[in-house]
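**Student:** My questions all concern the structure below.
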Amino acid sequence: MKKLKFKIEPPQLIIITYLLILTISLKFIHISYIDMINDSLIKWVMNGVLVLSLVPMINVGAGRNFGLPIGISAGLVGMCIAIEFRLTGWIGFITSIFFGVVVSILFGYIYSFILNKLKGNEEIVGTFVGFSFIPIMSLFWSLAPFKNRQMLYPVGGQGLRPKINLENYFSKILDSFLEINIGDLVIPLGLILFFLLLCLIVYLFGKTRMGITMAAIAENEVFVKLSGVNINKYRTYGIIFSTILAAIGIIVYSQSYGFVHLYDGPFMMAFPAVSAILIGGASKKKATVFQVMLGTYLYQTTFLLSVPVANVLLIPEMSEVIRMIVTNGIILYAFLYEGVKKTNEKI
249 MKKLKFKIEP
259 PQLIIITYLL
269 ILTISLKFIH
279 ISYIDMINDS
289 LIKWVMNGVL
299 VLSLVPMINV
309 GAGRNFGLPI
319 GISAGLVGMC
329 IAIEFRLTGW
339 IGFITSIFFG
349 VVVSILFGYI
359 YSFILNKLKG
369 NEEIVGTFVG
379 FSFIPIMSLF
389 WSLAPFKNRQ
399 MLYPVGGQGL
409 RPKINLENYF
419 SKILDSFLEI
429 NIGDLVIPLG
439 LILFFLLLCL
449 IVYLFGKTRM
459 GITMAAIAEN
469 EVFVKLSGVN
479 INKYRTYGII
489 FSTILAAIGI
499 IVYSQSYGFV
509 HLYDGPFMMA
519 FPAVSAILIG
529 GASKKKATVF
539 QVMLGTYLYQ
549 TTFLLSVPVA
559 NVLLIPEMSE
569 VIRMIVTNGI
579 ILYAFLYEGV
589 KKTNEKI
């Protein structure tokens with residue numbers, strides 16, 4: 249029987265150590281551990297689907313998806329359509345996913361076309377494409393012919409608000425579904441099951457013939473091409489799949505958050521997602537569902553605990569400073585680690 253190997257890398261060790269220190273600190277500042285566990289479960293899943301969306305692109309060799317705002321924008325369009333027709337509850341949530349998936353297929357195809365033309369620079373290109381996509385979508389939010397007054401600016405009635413409240417639509421629809429209360433401990437079972445279902449789909453997809461071929465492309469593209477496989481076609485499938493998951497991810501995120509955040513909302517969302525999957529142990533060409541689950545929990549719980557500790561021991565603004573240091577530091581470490589690894593291989 250093949251044994252599962254799990255190696256703790258320096259980023260994981262640093263985050264785990266830091267998390268333990270924060271956890272111990274809670275006792276001295278009189279903050280309930282139960283409340284922190286409740287919040288950490290919500291944060292884990294509401295961000296987990298966005299991190300999960302990175303897996304198909306990494307495993308097909310298209311790099312870490314720094315163009316995540318493209319898929320996020322598709323999900324935002326899906327939610328705006330559902331709100332426009334005043335759809336509430338499960339109907340509104342499912343409709344948001346349906347239209348988000350439809351739009352994400354179109355966006356994903358365009359995104360894949362660009363990345364396939366610029367192979368070898370996917371991460372840099374994806375970053376700039378994602379950044380460029382934000383002002384394009386901002387123009388769309390300003391001019392789109394939506395009529396629901398709850399979405400529009402109160403003055404003038406033209407253009408969508410930066411934040412749209414989901415309270416009257418499908419806010420926390422997953423959070424409250426099959427919720428389990430054990431004393432003060434609240435387990436959002438419906439939210440967790442939805443996340444695990446998507447994880448299972450991604451895992452099973454990786455075991456299909458298409459998933460195995462994608463993984464082979466990431467490992468040795470030249471060999472796969474010589475085998476007669478259309479590389480660009482499989483890369484397109486992987487990028488579209490990633491974009492679809494990102495669209496679903498922002499819908500899950502928004503229903504937990506309680507708002508749809510438009511305009512510059514998706515601007516920097518790719519970086520925490522990439523940091524989370526790197527903390528989980530993913531490499532440039534290989535990522536697993538387990539790494540998504542582990543990395544997301546470590547990353548999100550760290551910053552969840554940083555806020556109250558920073559408020560008491562330091563100053564409130566320090567929590568955001570720490571978040572930016574860890575986020576960008578982990579990404580920088582990944583690039584440096586890969587550079588050193590390539591140099592050693594050449595030697």
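All residue numbers for the sequence shown refer to my numbering, where the first residue is 249 and numbers rise by one.
Ideal placement from N, C-alpha and C gives every residue a C-beta, glycine not left out.
Would you tell me roughly how many angstroms separate the C-alpha atoms of residue 295 and residue 454, rounded to the nearest one?
**Tutor:** 21 Å
**Student:** Any idea if residue 250 is buried or exposed, counting beta-carbon neighbours within 10 angstroms, 16 or more meaning buried?
**Tutor:** With a pLDDT of 46 at residue 250, under the threshold of 50, the modelled position of that residue is not reliable, and no figure is offered here.
**Student:** Mapping the DSSP letters down to three states, classify residue 313 as helix, strand or coil.
**Tutor:** coil
**Student:** To the nearest angstrom, how far is the alpha carbon of residue 362 from that of residue 546?
**Tutor:** 33 Å
**Student:** In or out: residue 415 buried (at least 16 other Cβ within 10 Å) or exposed?
**Tutor:** exposed
**Student:** I'd like to know whether the C-beta atoms of residue 491 and residue 378 end up nearer to each other than 8 Å.
**Tutor:** no
**Student:** Leaving aside the five residues before and after residue 341 along the sequence, list all residues of the same chain whose C-beta is less than 6 Å from its C-beta, in chain order.
**Tutor:** 418, 421
**Student:** Going by other Cβ atoms of all chains shown within 10 Å of its Cβ, with 16 needed for buried, is residue 298 buried or exposed?
**Tutor:** buried
**Student:** Spatial neighbours of residue 252 within its chain, please: CB distance less than 8 Å, with the 5 preceding and 5 following residues excluded, ordered by chain position.
**Tutor:** Model confidence at residue 252 stands at a pLDDT of 49, short of 50, so the residue's coordinates are unreliable and nothing is read from them.
**Student:** Could you pull the DSSP bridge partners for residue 412 from this structure?
**Tutor:** According to DSSP, residue 412 bridges with 508.
**Student:** Kindly indicate which residue of 359, 284, 543, 261 has the alpha-carbon position closest to the one of residue 271.
**Tutor:** 284
**Student:** Give the list of continuous alpha helix (DSSP H) stretches no shorter than 4 residues that lie fully inside the segment 508 to 538.
**Tutor:** 518 to 527
**Student:** State the beta-bridge partners of residue 433 as determined by DSSP.
**Tutor:** 430
**Student:** Do residue 382 and residue 512 have their CB atoms nearer than 8 Å?
**Tutor:** yes
**Student:** Cα separation between residue 323 and residue 267?
**Tutor:** In this structure, the straight-line span from the alpha carbon of residue 323 to that of residue 267 is close to 32 Å.
**Student:** Exposed or buried, which one is residue 436 when buried takes at least 16 other CB atoms within 10 Å?
**Tutor:** buried
**Student:** Flag this pair as touching only if the segment 466 to 480 and the segment 440 to 456 have three or more C-beta atom pairs under 8 Å; answer yes or no.
**Tutor:** no
**Student:** Kindly list the residues whose CB is nearer than 6 Å to the CB of residue 425, restricted to its own chain and excluding five residues on each side of it in sequence; keep chain order.
**Tutor:** 438
**Student:** Determine the direct distance from the alpha carbon of residue 498 to that of residue 388, and round the result to whole angstroms.
**Tutor:** 18 Å
**Student:** Alpha carbons only, please: which of 488, 282, 260, 581 is nearest the one belonging to residue 430?
**Tutor:** 282
**Student:** Helix, strand or coil: which one does DSSP assign to residue 292?
**Tutor:** helix
**Student:** For residue 423, count neighbouring C-beta atoms within 10 Å of its own C-beta (all shown protein chains included) and say buried if the count is 16 or more, exposed if not.
**Tutor:** buried
**Student:** Report the residue from 577, 407, 358 whose alpha carbon sits nearest the alpha carbon of residue 394.
**Tutor:** 407
**Student:** Quick check on residue 268: does DSSP put it in helix, strand or coil?
**Tutor:** Reduced to three states, the DSSP call for residue 268 is helix.
**Student:** Roughly how many whole angstroms lie between the Cα atoms of residue 380 and residue 428?
**Tutor:** 43 Å
**Student:** According to DSSP, is residue 400 helix, strand or coil?
**Tutor:** Of the three classes helix, strand and coil, the one that applies to residue 400 here is strand, per DSSP.
**Student:** So, are the CB atoms of residue 329 and residue 347 less than 8 Å apart?
**Tutor:** yes
**Student:** Going by other Cβ atoms of all chains shown within 10 Å of its Cβ, with 16 needed for buried, is residue 359 buried or exposed?
**Tutor:** Its Cβ being crowded by 16 or more others within 10 Å, residue 359 is buried.
**Student:** Look up residue 503 in the DSSP assignment and say whether it is helix, strand or coil.
**Tutor:** helix
**Student:** Less than 8 Å between the CB atoms is what I'm expecting for residue 447 and residue 537, so what's the real figure, rounded?
**Tutor:** 5 Å
**Student:** Label residue 292 either buried or exposed according to how many other C-beta atoms from any shown protein chain fall within 10 Å of its C-beta, with 16 as the threshold for buried.
**Tutor:** buried
**Student:** Does the beta carbon of residue 577 fall short of 7 Å from some heavy atom of the ligand COA?
**Tutor:** The ligand content of the structure shown is nil, which means the ligand COA is not present either.
**Student:** Of all the options 569, 344, 543, 523, which has the alpha carbon lying nearest to the alpha carbon of residue 316?
**Tutor:** 523
**Student:** Looking at the secondary structure, which residues open and close the alpha helix (DSSP H) in which residue 463 lies?
**Tutor:** 457 to 467
**Student:** Whole angstroms is fine: what's the gap from residue 304's alpha carbon to residue 489's?
**Tutor:** 7 Å
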